[in-house]
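K.L.:
Okay, here's the structure, questions in a sec.
Numbering (the working numbering), first residue to last: 67 to 445.
Encoded structure:
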């Protein structure tokens, strides 16, 4: 067995662009991504009793595809034009129960599928929150509530089967195991009843994000031989995948450090951050119909990854604006159907933070729209 270090000695150079492409292919997938916040924060209210007196269940289906792509995100990028990149489908089951006067417990569990030009990736979404209304509405003062929540997204693995070609190397496949994001969030909400059939709510939120992953790996072919490449932190380890006979001898394994190429793998794909958001929403009921509109502003400050982007002359996206409209129709005394439409100024990085990294950040400069339909049973 022969050893070689550094990696350049085996003519298998992993340049900066290779490493960045690898990180982006594994976590961010390099595609247009969906919208719909895990807690659906845009319609936060201090008075869930306006939705249901004691409890409710919701089943929601989200959609984005070529027919619904009103902003033509695919057509704006020659790499995704005419492909399924950006296709998205999500299904969620959420429920809330009133534990005591002014105290509610809410949970969400869902599945998300999003596509690149050649692959489809699946994430599980979850959320658990508790809301306590500590002040009832009096006169011109609103009802006030505090909500604490934890939410996130995870997958057992994400893998790209399409080749990543950059100067110096070609990665046949790339894979990350156990990619995940986890958020802790606190919201202060105020709600005013303007009339018996209309109300307005406003809120501010703060929270923290933590991304993580298990293992990072790839396969590549060089000089006619295939190698398995693994990353442990910033250490690169490659080993010959199968017996290979080529002229001039075969390198069996190699070691190197991504730091030698100015790349910090962990900081660029498993960052920490804090976020702030504020929003306002209103609802109006007439007969069996309820109409809602909401606006949400989100700002995030990420550690390391955005500084790295700026040092490379790239833009880091930290703000997002979301406008959502929803129409609900009560078909029976305790059963309603609804349709929802969202428009965001940027790809909704506050929805699936695990998809944002130093390689995929440029994709988040695009507008995005999402359409949802749902069924709600209240008790």
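Ideal Cβ positions, reconstructed from N, Cα and C, are used throughout, including at glycine.
What span of residues does the beta strand (DSSP E) with residue 264 cover, start to end?
P.N.:
That run of the beta strand (DSSP E) goes 264-278.
K.L.:
So, helix, strand or coil for residue 68, using DSSP?
P.N.:
Residue placement at residue 68 cannot be trusted, given a pLDDT of 35 that sits under 50; what the coordinates show is reported in the next sentence. Here residue 68 sits in coil by DSSP.
K.L.:
Could you check where the alpha helix (DSSP H) with residue 335 kicks off and where it finishes?
P.N.:
Looking at the DSSP string, the run of the alpha helix (DSSP H) that includes residue 335 is 331-335.
K.L.:
For the beta strand (DSSP E) that contains residue 389, what are its first and last residues?
P.N.:
385-398 is the span of the beta strand (DSSP E), which, as asked, contains residue 389.
K.L.:
Of all the options 341, 380, 438, 353, which has the alpha carbon lying nearest to the alpha carbon of residue 416?
P.N.:
Closest by alpha carbon: 341.
K.L.:
Check for me: the beta strand (DSSP E) holding residue 249 runs from which residue to which?
P.N.:
Counting along the chain, the beta strand (DSSP E) containing residue 249 begins and ends at 246-261.
K.L.:
Using the DSSP secondary-structure output, state which residues sit across from residue 322 in a beta bridge.
P.N.:
For residue 322, which the question treats as bridged, DSSP gives the partners 302.
K.L.:
In chain order, what residues of the same chain have a beta carbon less than 7 Å from the beta carbon of residue 397, not counting five sequence neighbours either side?
P.N.:
403.
K.L.:
What does the Cβ neighbour count give for residue 419, buried or exposed, with the cut at 16 atoms within 10 Å?
P.N.:
Residue 419 comes out buried.
K.L.:
Would residue 436 pass as a contact of residue 392 if the rule is Cβ separation under 8 Å?
P.N.:
Result no, Cβ atoms of residue 436 and residue 392 do not sit closer than 8 Å.
K.L.:
Note down, one range per segment and in chain order, each alpha helix (DSSP H) of at least 4 residues found wholly within the stretch 328-374.
P.N.:
Runs of the alpha helix (DSSP H) inside the stretch 328-374: 331-335.
K.L.:
Which residue comes first and which comes last in the beta strand (DSSP E) that contains residue 128?
P.N.:
Per DSSP, residue 128 belongs to the beta strand (DSSP E) from 121-130.
K.L.:
Thinking C-alpha only, which one of 345, 205, 368, 395 is nearest residue 384?
P.N.:
Answer by Cα proximity: 368.
K.L.:
Which residues in the same chain have their Cβ closer than 6 Å to the Cβ of residue 297, if we skip the five residues on either side of it in sequence?
P.N.:
These residues qualify, in order along the chain: 282, 331.
K.L.:
What is the rounded straight-line gap between the Cα of residue 228 and the Cα of residue 356?
P.N.:
Each residue's Cα considered, the two are about 46 Å apart.
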